[in-house]
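S.K.: Have a look at this one.
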Amino acid sequence: MYTASNVFILGLFSGNVIAGVYSSMEKLTLAVKNVYVPLYQALYPWVARQEDSQKKQIINKIMPPVFFVSTLITVVISLFAKSILDIVYDDILITSYANVFRILSFISVFSGLNMLYNMLYFPAIKRYKVRMNILIFGGLFNMMMNLILVQFYDIYGVAIIVATTELLLGFVGYYYFKKLSNQISKSNI
24 MYTASNVFIL GLFSGNVIAG VYSSMEKLTL AVKNVYVPLY QALYPWVARQ
74 EDSQKKQIIN KIMPPVFFVS TLITVVISLF AKSILDIVYD DILITSYANV
124 FRILSFISVF SGLNMLYNML YFPAIKRYKV RMNILIFGGL FNMMMNLILV
174 QFYDIYGVAI IVATTELLLG FVGYYYFKKL SNQISKSNI
């Protein structure tokens with residue numbers, strides 16, 4: 024919900040050209056974000072078979088390398104945004120919005136961590152409703168804030184809200200990760 028609505032809302036307020044520019048960058052960002060999907064899908068069956076008390080330790084061990092790699096990706100995109108857009112699209116208009124791509128690069132860090140909780144941990148402990156509520160909250164936040172900020176900040180507002188939504192999903196996921204893993208620890212005592 025929160026990824027599909029971005030281009031639509033931007034197109035309504037800023038026109039098809041700007042929506043197309045954003046869409047081209049969103050596709051690159053989605054490719055970076057999807058780096059984590061096969062990793063988490065491969066780990067899921069193994070994590071799900073572990074004792075609930077061990078799952079917290081596993082997630083805590085996975086977190087630092089995910090953070091390191093995703094931060095590295097963000098730094099590379101931030102430093103070479105214009106060159107990357109030039110190589111991939113070779114379009115002056117798209118390249119002129121390199122700062123939007125730099126803003127979107129933070130999704131690498133935020134989504135890597137939020138997916139760790141929302142895509143790996145919560146399903147592994149069978150807390151599907153918690154996961155669903157977090158994702159619905161993120162989707163509603165994203166749509167409401169986009170409807171407001173796109174009017175003032177155009178394509179930059181959408182990029183900021185998309186990155187903020189991923190950050191928010193990470194924070195809320197981490198909050199419930201701590202809360203639920205502490206409950207599991209106490210119930211095992």
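Everything in the sequence shown is counted per our numbering, starting at 24 for the first residue and increasing by one. Glycine included, each C-beta is placed from N, C-alpha and C at the ideal position.
For residue 184, which residues of its own chain have a beta-carbon under 7 Å away from its beta-carbon, when the five flanking residues on both sides are left out?
M.R.: Counting only Cβ-Cβ distances below 7 Å, and skipping sequence neighbours, we find 165, 168, 169, 172.
S.K.: Among 82, 46, 95, which residue has its Cα nearest to the Cα of residue 203?
M.R.: With distances taken between Cα atoms, residue 203 lies closest to 82.
S.K.: Taking Cβ positions, are residue 1 and residue 93 nearer each other than 7 Å?
M.R.: Nothing can be reported for residue 1, as the shown portion of the chain is limited to 24 through 212.
S.K.: Buried or exposed: which applies to residue 63, given that a residue is buried once 16 or more other Cβ atoms fall within 10 Å of its Cβ?
M.R.: Residue 63 should be labelled buried.
S.K.: Given 8 Å as the limit, is there contact between the segment 103 to 118 and the segment 29 to 38, that is, 3 or more CB pairs closer than that?
M.R.: No: fewer than three Cβ pairs fall under 8 Å.
S.K.: With distances taken Cα to Cα, identify the nearest neighbour of residue 141 among 76, 97, 199.
M.R.: The shortest C-alpha separation from residue 141 is found at 199.
S.K.: What residue does the alpha helix (DSSP H) around residue 200 start on, and which one ends it?
M.R.: First-last of the alpha helix (DSSP H) with residue 200: 151 to 210.
S.K.: In terms of residue numbering, what span does the alpha helix (DSSP H) encompassing residue 51 cover?
M.R.: Element bounds for residue 51: 39 to 56.
S.K.: Flag this pair as yes or no: are the beta carbons of residue 145 and residue 189 separated by less than 7 Å?
M.R.: The answer is no: Cβ separation not under 7 Å.
S.K.: If you draw a straight line from the alpha carbon of residue 39 to that of residue 45, how long is it in whole angstroms?
M.R.: If you take the alpha carbons of residue 39 and residue 45, they lie about 10 Å apart.
S.K.: What do you reckon, are the CB atoms on residue 108 and residue 117 nearer than 7 Å?
M.R.: Contact: yes.
S.K.: Within the continuous alpha helix (DSSP H) that includes residue 91, where are the two ends?
M.R.: Segment 75 to 112, the alpha helix (DSSP H) holding residue 91.
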